[in-house]
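In short: position in the sequence shown from 1, add 18, done, that's the numbering used here. Working notes for the structure below.
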Amino acid sequence: MNESVITLGGGCFWCTEAVFQRVRGIGHVECGYANGHQPARPDYEAVCSGETGYAEVVRVQFDPDIIDLPTVLKIFFATHDPTSLNRQGADVGTQYRSGIYTHSAQQQAIATALVEELQASGVFPYPIVTEVQALHQYWPAEDYHQNYFAQHPHQPYCAVVIAPKLEKLALHLPDWLK
19 MNESVITLGG GCFWCTEAVF QRVRGIGHVE CGYANGHQPA RPDYEAVCSG
69 ETGYAEVVRV QFDPDIIDLP TVLKIFFATH DPTSLNRQGA DVGTQYRSGI
119 YTHSAQQQAI ATALVEELQA SGVFPYPIVT EVQALHQYWP AEDYHQNYFA
169 QHPHQPYCAV VIAPKLEKLA LHLPDWLK
């Protein structure tokens, strides 16, 4: 597999992880924390305090011969609310901000152009608040956060929040499902 990596924050990382694990051309998806101001490795409790500056993110490995970065980003925008500042649904706090954390200048340019294109198109009723920044700090989340939906599909949060996102993905982007 030819491999590229992008880091995305779309609210709770369990949701974003579950979405991208089902997308054709996506390899490994890892939950983690990005772009905080605390130099030491953060843990979930510290990130949830809102005092570390970290966002809950997923690190997405993808094969650009199968799915290009603009398509990865369009799926990202289709499966979370990029107009909600520091929240997704009932999940509230700076750790739930919408963000694209790039690994190269080329990714930065593509992401910035797509945000501008989506904003100009009026596809969203409110301004897009997704931050586009170079990834400068990343830490994998604790093991119990990895593959969360796959391990706990009947847990109430998964059934009420994640399952509807997956249904939306299947309904609107069926050609991209594995």
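Backbone N, C-alpha and C fix where the C-beta goes; we use that ideal spot for every residue, glycine too.
| Item | Value |
| --- | --- |
| The region 174-191 touching the region 22-41, judged by at least three CB pairs closer than 8 Å | yes |
| Sufficient close CB pairs (3 or more, under 8 Å) joining the region 55-64 to the region 118-132 | no |
| Assigned exposure category for leucine 91 - 16 Cβ within 10 Å defines buried | buried |
| Residues near serine 122 by beta carbon distance below 6 Å, same chain, minus five either side | none |
| Length at least 4, wholly inside the region 117-173: the alpha helix (DSSP H) runs in chain order | 123-139 and 166-169 |
| Where alanine 96 sits in the DSSP three-state scheme | helix |
| CA-to-CA distance, phenylalanine 167 to threonine 89, given in whole angstroms | 23 Å |
| Glycine 50 vs threonine 70 beta-carbon contact at 8 Å | no |
| Which residues DSSP lists as bridging phenylalanine 80, in chain order | Ser22 and Ile44 |
| Candidates Phe94, Ser67 and Leu103: closest to glutamine 39 by CA position | Phe94 |
| Reduced DSSP category for aspartate 86 - H, G, I as helix; E, B as strand; rest coil | coil |
| For leucine 103, three-class secondary structure by DSSP | coil |
| Own chain partners of alanine 152 with C-beta closer than 6 Å, once the 5 adjacent residues on each side are dropped | Thr120 |
| Given aspartate 109 as reference, the closest of Ser22, Val78 and Gly27 once Cα atoms are compared | Gly27 |
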